[in-house]
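**Q** So for the sequence shown, my numbering puts the first residue at 169; every next one is plus one.
Sharing a structure here in structure tokens format.
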Amino acid sequence: MIARELPGSLQLAFVGDTVYDLFVRERLVRAGGRMDDLHRAAVRYVCAAAQSAALARVEPLLTEEEAAVVRRARNARQTPSKHASLAEYHRATALEALIGALYLSGAAARLEELMEVATGNIEV
169 MIARELPGSL
179 QLAFVGDTVY
189 DLFVRERLVR
199 AGGRMDDLHR
209 AAVRYVCAAA
219 QSAALARVEP
229 LLTEEEAAVV
239 RRARNARQTP
249 SKHASLAEYH
259 RATALEALIG
269 ALYLSGAAAR
279 LEELMEVATG
289 NIEV
């Protein structure tokens with residue numbers, strides 16, 4: 169369950185971005201490989217397009233409360249990156265906000281469950 173007293177959507181995404189990145193990097197390091205390959209793989213998994221696709225994988229599993237976090241973050245006013253479409257950027261922000269909300273709420277088991285689905289089979 170996500171705590172009601174959480175920061176705003178973009179602040180949640182700020183935290184969620186780091187948590188997502190750490191999750192991906194940890195999985196890549198455990199898989200092994202050269203640093204150059206690890207870096208390229210991390211960039212591939214953490215970009216807006218990949219995060220948008222990851223959100224599509226987890227959306228059917230979300231509770232009403234989690235879906236509300238995603239909706240609010242997706243609709244938050246923000247400046248998109250030059251490297252992503254507006255839709256991808258908003259969806260990536262929504263995923264990051266969800267991750268941030270779960271992390272800050274202490275919902276570690278649920279976070280792990282959704283991250284496994286979001287990232288699929290991480291490979292170098």
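Even for Gly, the Cβ is constructed at its ideal location relative to N, Cα and C.
1. Compute the Euclidean distance between the alpha carbons of L112 and G274, then round it to the nearest angstrom.
2. Provide the residue span of the alpha helix (DSSP H) that contains E284, from first to last.
3. On the premise that A181 lies in contact with G268, defined as a C-beta separation below 8 Å, what is that separation, rounded to the nearest angstrom?
4. Assuming T231 is part of the alpha helix (DSSP H), what are its boundary residues?
5. Could you give the first and the last residue of the continuous alpha helix (DSSP H) run that contains L206?
6. DSSP on A218, reduced to helix/strand/coil?
7. Quick check on DSSP: helix, strand or coil for V237?
8. Quick check on G176: buried or exposed, where buried means 16 or more other Cβ atoms within 10 Å of its Cβ?
9. Mind checking which residues open and close the alpha helix (DSSP H) that includes A199?
10. Compute the distance between the beta-carbons of V238 and L266, then report whether it is under 8 Å.
11. I'd like to know whether the C-beta atoms of D185 and E256 end up nearer to each other than 8 Å.
12. Is the separation between the beta-carbon of D189 and that of V292 shorter than 8 Å?
**A** This is what the structure holds:
1. Examination of residue 112 is not possible in this model, given that the chain is present from 169 through 292 alone.
2. Looking up residue 284 in the sequence shown gives position 116. Where E284 is concerned, the enclosing alpha helix (DSSP H) stretches over 276-287.
3. One-based indexing of the sequence shown puts residue 268 at position 100. One-based indexing of the sequence shown puts residue 181 at position 13. Rounded, the Cβ-Cβ distance is 6 Å, consistent with contact.
4. Residue numbering aside, residue 231 sits at position 63 when the sequence shown is read from its first letter. Premise fails: T231 is in no alpha helix (DSSP H) and is neither H nor E.
5. If you number the sequence shown from 1, residue 206 lands on position 38. Taken as a continuous stretch (DSSP letters only), the alpha helix (DSSP H) holding L206 covers 203-214.
6. Here residue 218 corresponds to residue number 50 of the sequence shown, with the count starting at 1. A218: helix per DSSP, three-state reduction.
7. The residue you call residue 237 lines up with position 69 of the sequence shown. Residue state, collapsed to three classes: helix.
8. Residue numbering aside, residue 176 sits at position 8 when the sequence shown is read from its first letter. So G176 counts as exposed.
9. The count along the sequence shown starts at 1 and reaches residue 199 at position 31. Where A199 is concerned, the enclosing alpha helix (DSSP H) stretches over 177-199.
10. Counting from one through the sequence shown, the residue named residue 238 turns up at place 70. Counting from one through the sequence shown, the residue named residue 266 turns up at place 98. In this structure, L266 lies closer than 8 Å to V238 by Cβ.
11. Along the sequence shown, one-based indexing puts residue 185 at 17. Along the sequence shown, one-based indexing puts residue 256 at 88. No, they are not a contact pair.
12. For the purposes of this step, residue 189 is taken as the residue at position 21 of the sequence shown. For the purposes of this step, residue 292 is taken as the residue at position 124 of the sequence shown. No, these two residues do not count as a Cβ contact at 8 Å.
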